[in-house]
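For the sequence shown, my numbering assigns the number 77 to the initial residue and increments by one for each residue that follows.
Glycine is no exception: its CB is placed at the ideal position from the N, C-alpha and C atoms.
Scroll down for the structure; my scribbles are underneath it.
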Amino acid sequence: MVSKKSPHLTISYGDDSYFAGGKVKFSVTCYFAKQFDSLRKKCCPSDVDFVRSLSRCQKWSAQGGKSNVYFAKSLDERFIIKQIKKTELESFEEFAPGYFKYLTDSLNSGSPTCLAKILGYYEVLARRQRNKNGFNGDGKPLF
77 MVSKKSPHLT
87 ISYGDDSYFA
97 GGKVKFSVTC
107 YFAKQFDSLR
117 KKCCPSDVDF
127 VRSLSRCQKW
137 SAQGGKSNVY
147 FAKSLDERFI
157 IKQIKKTELE
167 SFEEFAPGYF
177 KYLTDSLNSG
187 SPTCLAKILG
197 YYEVLARRQR
207 NKNGFNGDGK
217 PLF
């Protein structure tokens, strides 16, 4: 039997501080973690700058789309954040190997491309404790 190791990375942690408003469990999944890390190393000067940009965003009203999903833009205007629907994730998982190969080849050769650079896909779940007996089971994806 051959087992495939998942290309995704999930980290879970809890917070019961005053600022969290009680006990909260967080789970963050980084889809295609190694592949996106490799792309970011080619496009972004540092991980710290990337995270700093993403930590300071504001809602953005993108024009022309039909998806009615949440968009945000980093305050330094370097990045756009888009809420992804489950069907879009499933579609991306199918063509991801080709996407990573094409973009890596393009960046390595210096060839121009009109393809948008997707530099990460993350799912953040937050579950708040409802009562002393445990956590509610309906954690919703934030992004």
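By Cβ distance below 8 Å, which residues in the same chain neighbour residue i in space, the five residues on each side in sequence not counted?
i: D92; result: G98, K99 and V100
i: S187; result: D181
i: L195; result: F112, L115, R116, C119, C120, F126 and F155
i: L183; result: L115, K118 and C119
i: S143; result: K161
Return the Cβ separation of residue i and residue j in integer angstroms, given the expectation that the two are a contact with Cβ distance under 8 Å.
i: S150; j: C133; result: 5 Å
i: L201; j: S103; result: 4 Å
Apart from the five residues just before and just after residue i, which ones in its own chain have a Cβ nearer than 7 Å to its Cβ?
i: F126; result: R116 and C120
i: A148; result: C133, Q134, K135, W136 and I157
i: D152; result: S129
i: Q139; result: none
For residue i, collect the residues of the same chain with a Cβ closer than 6 Å to its Cβ; drop the 5 residues on either side in sequence, then sort them by chain order.
i: Y146; result: Q159
i: A109; result: L85
i: Y107; result: H84 and Y197
Would residue i be called buried (16 or more neighbouring beta carbons within 10 Å of its own) or exposed?
i: L179; result: buried
i: Y89; result: exposed
Cα separation between residue i and residue j?
i: E166; j: Q205; result: 30 Å
i: A192; j: R203; result: 33 Å
i: S131; j: G174; result: 29 Å
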